[in-house]
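Beneath this line is the structure, given in structure tokens, with notes to follow.
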Amino acid sequence: MALDGAFLLKLKQEIEENTLNSRVDRIYQPSREEIILGLRWKGGSGKLLLSAEANSARIHFTKASYENPKAPPMFCMFLRKHLGGAKLVNIRQIGLDRILHLVFETTNELGDPIIITVALEIMGRHSNIIVIDQENRVLDAVKRVGQEMSSVRQILPGIHYLLPPPQLGKKNLLEVDSWQVVEAIRQGRDVELSKALMEQISGISPLVAREVAGLVTRGTELQVSALSQEMWDKLGFQLGRLAKLLRQEKGTPTILFDLDEKPREFSFLEIHQYGRMRLSREYESYSELLDHFYSERDLRERIKQRSNDLLRLLANTSDRLIRKLAVQRQELLTSTQRGQLKEYGDLIQANLYQLNKGDRIAKVVNYFSQEMEEVEIELDPTLTPSQNAQRYYSDYRKADTAEKKLQALITEGEQELVYIDSVFDMLTRARTEGELNAIRGELAEQGYLRRTTKNKNGKPQREEKLPPMRYRSTDGFLILSGRNNLQNDKLTLKESRNYDIWFHTQKIPGSHTIVISEGKKVPNKTLEQAAIIAAYNSKARESSKVPVDYTYIKNVKKPNGAKPGMVIYETYETAVVNPDEQLVNSLREG
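This note's numbering applies: residue 172 is where the sequence shown begins, and numbers increase by one.
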């Protein structure tokens, strides 16, 4: 992440465009370290979020909905008392540090006009929101800092407010000429250029420093001593451009995503240093950027936390099934030796004349063997020879019945294991809470979970109906892909027609993917793209040369009693494709 001083400057410029002379209309404190100021100005209004959370300290307008506590916290009540109806008259940034002061005009209890300043300090775990009076004394703070917490700088009511210690030796691009910075780098340490930029310039993040260095050295990380004169000239030019962008231009609000669409970093300028290893997306405003970045990051974190219990459930169920199948297969191996039991019964029956009750061993010729060797058969001395023969016949029938039951149980267990594996795959690919809830509902419907979500009337709450993922081939054909096994069944067995084309990775868990043909002949290009989509929406997403079976919907059947998503098909063709995330994303609708 890169909420550096330069990015904060662009935020400040954006916020003050609308909010100067706006009034504080509402104040909320949704969490211990977050404050929302509802501001109203001529012709509009907005919610300004201030956060002092260690891993997400920031300020921006937000459109997200936050759940507020039933009783407002003490700090929220304090802010309402001092800032209710106040006018925002100024926004100051301290140099290019990550410190922003919101200056409000209001009145005290006697009706006299006073100035109240809200200082937002973005400093990692030391981030804070501090309220200061016009005599520069601390009125209160989200995080009070006493002597026992810091001997350098306390933040307590009544204490004189002091700024955090400045970073010595760094230069502010808004105050000095870019060539002065170039000369300072020349005279400084012989380190990589990006590190030298960080050492000499205030308010820029490592991301920005690497980007500037990359533009100068054409993507090669060089030591300062290795720079040519041409590169020094380019460095002065690039720093001049950066200074102009900070002073006069809006910049380019940009988020960088990894290839799994997880937001990683953001910046106020276009970033090229990662090449194709990062996806970038531009936004209309810096507030919109931060709103999306943190809501997406927090959503992914919530999904990860909420899916942990399901992952444990599936892992435990899978382990139990594997152990159970191992025992059943061993029992089946034993039962397949039942033929010997019948032979022993026959041999005893053929030699009744020479056996007596009380015998423990029957030594008889094995006429079932070509060698006609003599075998010893254990007998129960409490039974007659005939009863011993019947005992072996009974054991034979039990083993025969057990084999048939074990084969059915093993088949059922193997199918359940495949089903659990498919749910596990869907869970690892879930990207929204709706998808996660749908998987949870499926597991509850199949008896693996107890339904706990209820509505106000105490009845089970209906799961949100999620549509399948939609794609459009370059030939114009609609392609649908299921998000979970219940949706796979519905898509394949109820919503598709006979001559629509069904795709699924061969013997690999994944989504059912359907090309809606509308009675037309489907071109080979569309078939290939659908196969790539099926491979991407499967457990084989990170693999190459993935086999994908495809056939007409009319050839796909569901066996009676089969688990959700489990189907059979006999007539099919197979395509071998490589999952292509860039292609899949380009074909996706909505």
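All C-beta atoms, glycine included, are put in the ideal place defined by N, C-alpha and C.
In this text the structure is predicted, and so the values were computed from the model without any measurement.
{"Check": "ARG568, buried or exposed, once every other Cβ within 10 Å from all chains shown has been counted against 16", "Outcome": "exposed"}
{"Check": "Where the alpha helix (DSSP H) containing TYR131 begins and where it ends", "Outcome": "Because the chain in this structure spans residues 172 to 761, residue 131 falls outside the shown range and cannot be described."}
{"Check": "Coil, strand or helix - ILE301 by DSSP", "Outcome": "strand"}
{"Check": "First and last residue of the uninterrupted beta strand (DSSP E) at LEU291", "Outcome": "284–292"}
{"Check": "Length-filtered (3 minimum) beta strand (DSSP E) runs lying within the stretch 413–485", "Outcome": "425–428, 434–438, 450–453"}
{"Check": "Residue environment, GLY317, which counts as buried when at least 16 other CB atoms sit within 10 Å", "Outcome": "exposed"}
{"Check": "Counted within 10 angstroms of its Cβ, other Cβ atoms place THR645 as buried (16 or more) or exposed", "Outcome": "exposed"}
{"Check": "4-residue-minimum alpha helix (DSSP H) runs that sit fully inside the stretch 194–272, ordered along the chain", "Outcome": "245–254"}
{"Check": "Sufficient close CB pairs (3 or more, under 8 Å) joining the stretch 449–459 to the stretch 400–411", "Outcome": "no"}
{"Check": "Helix, strand or coil at GLN394 according to DSSP, with G and I counted as helix", "Outcome": "strand"}
{"Check": "Where LYS627 falls: helix, strand or coil (DSSP)", "Outcome": "With a pLDDT of only 47 at LYS627, under the threshold of 50, the placement of this residue in the model should not be trusted; the figure read from the coordinates follows. It is coil, neither helix nor strand."}
{"Check": "Rounded separation between THR745 and ASP592 - CA only", "Outcome": "22 Å"}
{"Check": "DSSP state of TYR763 mapped onto helix, strand, coil", "Outcome": "A question about residue 763 goes unanswered here, because the residues of the chain that appear run from 172 up to 761."}
{"Check": "Exposure label - PRO337; buried when at least 16 CB within 10 Å", "Outcome": "exposed"}
{"Check": "C-alpha distance - GLN764 paired with ALA733, whole-angstrom precision", "Outcome": "Nothing about residue 764 can be read from this structure; the chain reaches only from 172 to 761."}
{"Check": "Distance, VAL738 Cα to LYS661 Cα", "Outcome": "12 Å"}
{"Check": "MET245 burial status per 10 Å Cβ neighbour count (16 or more: buried)", "Outcome": "exposed"}
{"Check": "Close-in-space but distant-in-sequence residues of the same chain around GLY531 (CB under 8 Å, 5 per side omitted)", "Outcome": "Before going further, note that residue 531 is Arg rather than Gly in the sequence given. Correct list, in chain order: GLU549, LEU550, PRO552."}
{"Check": "Local Cβ density within 10 Å of GLN700, reported as buried at 16 or more and exposed below that", "Outcome": "buried"}
{"Check": "Per-residue DSSP class, three states only, for TYR619", "Outcome": "coil"}
{"Check": "8 Å CB neighbourhood of GLU587 in its chain, flanking five on each side removed", "Outcome": "LEU492, LYS734"}
{"Check": "Cβ pair ALA414, SER321 closer than 8 Å", "Outcome": "no"}
{"Check": "Closest residue to LEU580 among THR599, LYS495, ASN261, ASN522 (Cα-Cα distance)", "Outcome": "LYS495"}
{"Check": "Rounded Cβ spacing between ASN537 and LEU518 (contact assumed at less than 8 Å)", "Outcome": "7 Å"}
{"Check": "Whole-number beta carbon distance between GLU606 and ARG654, since they are thought to touch under 8 Å", "Outcome": "5 Å"}
{"Check": "Span separating the alpha-carbon of THR233 from that of LEU637", "Outcome": "26 Å"}
{"Check": "Helix, strand or coil at ASP671 [DSSP, three-state]", "Outcome": "coil"}
{"Check": "Nearest-angstrom Cβ-Cβ length linking GLN677 and VAL719, presumed shorter than 8 Å", "Outcome": "7 Å"}
{"Check": "Beta-carbon proximity check, PRO747 vs ILE704, cutoff 8 Å", "Outcome": "The sequence shown places Val at residue 747, not Pro. No, the Cβ-Cβ distance between VAL747 and ILE704 is not below 8 Å."}
{"Check": "Cβ-based neighbour list, SER396, same chain, cut-off 8 Å, excluding 5 preceding and 5 following", "Outcome": "ASP361"}
{"Check": "Straight-line Cα distance separating TYR199 from LYS181", "Outcome": "25 Å"}
{"Check": "Contact check, VAL387 vs LEU364, beta carbons under 8 Å", "Outcome": "yes"}
{"Check": "Residues bridged to LYS692 [DSSP beta-bridge criterion]", "Outcome": "Looking at the DSSP assignment, LYS692 forms no beta bridge with any residue, so it has no partner."}
{"Check": "Proximity of LEU723 and ILE672 at Cβ, strictly below 8 Å", "Outcome": "It should be noted that the sequence gives Tyr, not Leu, for residue 723. Cβ atoms of TYR723 and ILE672: closer than 8 Å."}
{"Check": "Local conformation of ASP311 per DSSP, three classes", "Outcome": "strand"}
{"Check": "For PHE275, the three-state DSSP class (helix, strand or coil)", "Outcome": "strand"}
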